[in-house]
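*Asks:* Once you've had a glance at the structure underneath, I'll fire off some questions.
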Amino acid sequence: MLFRSRAICRDAGAILGCGGVMTELQRTASGIFHIEDAISLEYLRDMSPEELQERMIPIDRPLNWMGVIQLPSAPARGVIQGKPVLVKEAQIRQYSQRDHRYRLYCGNQFLGVGDLNAAGTLKAHKIFTTEIKQDDLI
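Final position of the sequence shown in this note's numbering is 140; the numbers increase by one with none missing.
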């Protein structure tokens with residue numbers, strides 16, 4: 003069941019006949035992110051480049067619920083260009099836990115996110131690169 007706190011305030015106000023207002027809402031966690039790990043902007047501004055690098059979270063880490071498809075370089079270039087790719091050209095390394103959405107890689111390079119349909123065709127959903135980096139190939 004999905005919890006909707008604003009709707010609860012509205013519904014309680016309607017039942018009481020007086021309206022309902024939320025004055026504050028604080029999200030304490032979302033996926034891999036937790037409020038205990040948050041830092042202030044002031045602290046962030048004072049961090050050294052090395053400290054900033056240590057705190058960086060790889061772009062694909064929050065997407066760990068998605069499956070993983072490893073693409074050879076030619077199909078990977080096609081996906082980046084928006085072309086559909088047959089799944090037989092790709093290797094599924096981890097199946098998706100929720101739907102048909104997958105993280106796409108070429109070697110060690112995270113390319114983006116794609117959708118695998120029932121016919122076995124992979125199509126780009128969101129791509130985060132414009133080229134294949136040769137040094138990331140396995």
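Built from N, CA and C at the ideal position, the CB exists for glycine as well.
Assuming Val81 and Ala121 form a contact by the criterion Cβ under 8 angstroms, report the distance between their Cβ atoms to the nearest whole angstrom.
*Replies:* What you label residue 81 is simply residue 79 of the sequence shown in a count that begins at 1. What you label residue 121 is simply residue 119 of the sequence shown in a count that begins at 1. With 8 angstroms as the limit, Val81 and Ala121 do not qualify as a contact, their Cβ atoms being about 16 angstroms apart.
*Asks:* State the Cα-Cα distance for the pair Thr131 and Gln83, rounded to the nearest angstrom.
*Replies:* Here residue 131 refers to the residue found at position 129 when the sequence shown is read from its first residue. Here residue 83 refers to the residue found at position 81 when the sequence shown is read from its first residue. Each residue's Cα considered, the two are about 10 angstroms apart.
*Asks:* Taking C-beta to C-beta, are Gly107 and Ser98 nearer than 8 angstroms?
*Replies:* For the purposes of this step, residue 107 is identified with residue 105 of the sequence shown, where counting begins at 1. For the purposes of this step, residue 98 is identified with residue 96 of the sequence shown, where counting begins at 1. According to the sequence shown, residue 107 is Tyr rather than Gly. Not closer than 8 angstroms, so no.
*Asks:* Got a sec, what are the start and stop residues for the beta strand (DSSP E) Ile82 sits in?
*Replies:* The sequence position of residue 82 within the sequence shown is 80, counting from 1. First-last for Ile82: 75-82, but that is the alpha helix (DSSP H), not the beta strand (DSSP E).
*Asks:* Determine the burial state of Met68: buried for a count of at least 16 other Cβ atoms within 10 Å of its Cβ, exposed for fewer.
*Replies:* In the sequence shown, counting from the first residue as 1, residue 68 sits at position 66. Buried.
*Asks:* Measure the alpha-carbon distance for Gly116 versus Arg95 and round it to whole angstroms.
*Replies:* For the purposes of this step, residue 116 is taken as residue 114 along the sequence shown, with counting starting at 1. For the purposes of this step, residue 95 is taken as residue 93 along the sequence shown, with counting starting at 1. Using only the alpha carbons, I get a separation of about 14 angstroms.
*Asks:* Can you list, in chain order, the residues of its chain whose CB lies under 6 angstroms from that of Gly33, leaving out five sequence neighbours each side?
*Replies:* The count along the sequence shown starts at 1 and reaches residue 33 at position 31. Same-chain partners within the cutoff: Pro64.
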